[in-house]
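Residue numbers (UniProt numbering): 1 to 64.
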């Protein structure tokens, strides 16, 4: 599965449950906001969506 800014937080966590710690550290809502896309969740957390995606890909050992 390719991760993009349109991927929902829930989908990320279904495929990569280990990412919950990183997302929580970044202030991404992994509970009630799980239906949001990474882009929307990052904006709600006051983060740059591209930076969140890069950090997530790096955390998972993929190129960002």
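Built from N, CA and C at the ideal position, the CB exists for glycine as well. Note that the structure is predicted; figures quoted are calculated from it, not measured.
query, result
"Euclidean distance between Cα positions of residue 45 and residue 28", "6 angstroms"
"Residue range of the unbroken alpha helix (DSSP H) whose run includes residue 42", "38-44"
"Contact check, residue 65 vs residue 53, beta carbons under 8 angstroms", "Residue 65 lies beyond the residue range present for the chain, which begins at 1 and ends at 64; the question has no answer from this structure."
"Beta-bridge partners of residue 4, as assigned by DSSP", "Bridge partners of residue 4: none, in fact."
"Straight-line Cα distance separating residue 11 from residue 2", "11 angstroms"
"Distance between residue 41 and residue 4 (C-alpha atoms, nearest Å)", "13 angstroms"
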